[in-house]
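Below is one structure; the comments refer to it alone.
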């Protein structure tokens, strides 16, 4: 298969120092009249290419190669981007014609895959049975028409392989996963949830009574919730206090960026719905917990330490 390749050259805007290419582009010695004449030459050349399309797409007559050579000659007279744009359009048209010509010749060749393989085996036989084709010899022949030679490590081997059916695999029975812990029934899970809710409600009620007794005046929130004996119960205390504030049984006051808690009861206020409500996020990790215990010198918990079932 015969082919003609061409690469259209586009101007590059100059940057930095004065190289040879930079001296060629934006040449100030070129007059406006010379630029106009160059544009006319390019337009005439492009029009000629379009009129001779059928003749140029016949790549065997050599006219297409002459067209590319003429385009290179005109390109040497281009100094500004506007002229380069016109010249590039002509080069693109020539490249499209070359592509159409090569495709038409490839479609005209009536050659089956079997005939191709037979011809290759006859003209380029391999040295042994493992490699029936001499791919190095094929590459030397193809190098005249292709821009790259296929690597022998990629193409070595038989073109025609025997079909080997896959053996059917026996399906294995899926084994059940053994669980060490006893499986809980739904009823048992529901009972556990009710028991946890009862514990939570009990803690909230106890905290409300404690605040009504000891927090009639604002008291530091961290002194209320921090338990120096248990980080887990400190987190629970934060949760319980936030619930009391939500239902209007406690109030949070911020003074000098320090939160204070005071007991109250907004549920009896007829204007409860019109009162302003705010939301906030309280961060409580173990590092902050230790810092609060040391900074506030908390030795005893405001809320009595609860004993767990494990203890």
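Residue numbers (my numbering): 45 to 355.
Using N, Cα and C, we set each Cβ at its ideal position, and we do this for glycine too.
Buried/exposed call for residue 352, threshold 16 Cβ in 10 Å:
Here the question's residue 352 lines up with position 308 in the chain shown. The residue is exposed, with fewer than 16 neighbouring Cβ atoms inside 10 Å.
Give me the residue from 209, 87, 98 and 282 with the minimum Cα distance to residue 347.
As a working mapping, residue 347 is identified with position 303 in the chain shown. Among 209, 87, 98 and 282, the Cα nearest to that of residue 347 is on 282.
Outcome for residue 90 when other beta-carbon atoms lying within 10 angstroms are tallied against a minimum of 16:
Working through the chain shown from its first residue, we reach residue 90 at position 46. Per the 10 Å Cβ criterion, buried.
Starting from residue 94, trace the alpha helix (DSSP H) in both directions and tell me its first and last residue.
Your numbering for residue 94 matches position 50 in the chain shown. Unbroken alpha helix (DSSP H) run through residue 94: 76–95.
Can you tell me which residues form a DSSP beta bridge with residue 307?
Within the chain shown, the letter at position 263 stands for residue 307. 294.
To which residues of the same chain is residue 79 closer than 7 Å at the C-beta, ignoring the five residues directly before and after it?
The residue you call residue 79 lines up with position 35 of the chain shown. Once the five neighbours on either side are set aside, the close Cβ partners of residue 79 are 124 and 127.
Mark residue 187 as exposed unless 16 or more other C-beta atoms lie within 10 angstroms of its C-beta, in which case mark it buried.
Here residue 187 is taken as the residue at index 143 of the chain shown, counted from 1. That one is exposed.
Alpha-carbon to alpha-carbon, residue 292 and residue 345:
The residue you call residue 345 lines up with position 301 of the chain shown. The residue you call residue 292 lines up with position 248 of the chain shown. Their backbone Cα atoms lie some 24 Å apart in a straight line.
Quick one: what's residue 169 bridged to in DSSP?
Numbered from its first residue, the chain shown carries residue 169 at position 125. DSSP lists 177 as partners of residue 169.
According to DSSP, is residue 215 helix, strand or coil?
For this step, residue 215 is matched to residue 171 along the chain shown. Three-state DSSP puts residue 215 in coil, outside helix and strand.
Three-state class that DSSP yields for residue 118 in the structure shown:
In the chain shown, the residue the question calls residue 118 occupies position 74. If DSSP states are grouped into helix, strand and coil, residue 118 belongs with the helices.
Are the region 264–283 and the region 329–342 touching, with three or more C-beta to C-beta distances below 8 Å?
yes
Taking the alpha carbon of residue 253 as the point to measure from, which residue in 219, 288, 274 and 221 has its own alpha carbon closest?
The residue given as residue 253 occupies position 209 in the chain shown. Selected option, being the one with the closest Cα: 288.
Boundaries (first-last residue) of the alpha helix (DSSP H) holding residue 265
As a working mapping, residue 265 is identified with position 221 in the chain shown. Here the alpha helix (DSSP H) through residue 265 covers 265–269.
Apart from the five residues just before and just after residue 326, which ones in its own chain have a Cβ nearer than 7 Å to its Cβ?
Working through the chain shown from its first residue, we reach residue 326 at position 282. Within the same chain, residue 326 has close Cβ partners 282.
May I have the straight-line CA-CA distance separating residue 65 from residue 185, to the nearest angstrom?
Within the chain shown, numbered from 1, the residue matching residue 65 stands at position 21. Within the chain shown, numbered from 1, the residue matching residue 185 stands at position 141. Interpretation of residue 65 is limited by its pLDDT of 46, a score under 50 that renders its predicted location unreliable; no figure is taken from the coordinates.
Please report how far the alpha carbon of residue 169 lies from the alpha carbon of residue 189, in whole angstroms.
As a position in the chain shown, residue 169 is number 125, starting the count at 1. As a position in the chain shown, residue 189 is number 145, starting the count at 1. Approximately 21 Å between the Cα atoms of the pair.
Any idea if residue 277 is buried or exposed, counting beta-carbon neighbours within 10 angstroms, 16 or more meaning buried?
Your numbering for residue 277 matches position 233 in the chain shown. When all chains shown are included, residue 277 counts as buried.
Identified DSSP bridge partners for residue 299:
Taking the first residue of the chain shown as 1, we reach residue 299 at position 255. 302, per the DSSP bridge assignment.
Distance, Cα to Cα, residue 255 vs residue 294?
Counted from its first residue, the chain shown places residue 255 at position 211. Counted from its first residue, the chain shown places residue 294 at position 250. Going from the Cα of residue 255 to the Cα of residue 294 covers about 8 Å.
Which term fits residue 207, buried or exposed, when burial requires 16 or more other beta carbons within 10 angstroms of its beta carbon?
For the purposes of this step, residue 207 is taken as residue 163 along the chain shown, with counting starting at 1. Exposed.
Exposed or buried, what is residue 249 when buried is set at 16 or more other beta-carbons lying within 10 Å of its beta-carbon?
Counted from its first residue, the chain shown places residue 249 at position 205. By the neighbour-count rule (16 or more Cβ atoms within 10 Å), residue 249 is not buried but exposed.
Work out the CA separation of residue 149 and residue 84 for me, nearest whole Å.
Position 40 of the chain shown holds residue 84. Position 105 of the chain shown holds residue 149. Approximately 34 Å, taken between the alpha carbons.
Which of the three DSSP states is assigned to residue 65 in this structure?
Counting from 1 along the chain shown, the entry for residue 65 is found at position 21. Because the pLDDT at residue 65 is just 46, under 50, the model does not fix this residue reliably, and the point stays unresolved.
Out of curiosity, what's the CA-to-CA distance linking residue 332 and residue 271?
Counting from one through the chain shown, the residue named residue 332 turns up at place 288. Counting from one through the chain shown, the residue named residue 271 turns up at place 227. In a straight line, the C-alpha of residue 332 is about 13 Å away from that of residue 271.
Check for me: the alpha helix (DSSP H) holding residue 208 runs from which residue to which?
For this step, residue 208 is matched to residue 164 along the chain shown. Where residue 208 is concerned, there is no enclosing alpha helix (DSSP H), given that its DSSP letter is neither H nor E.
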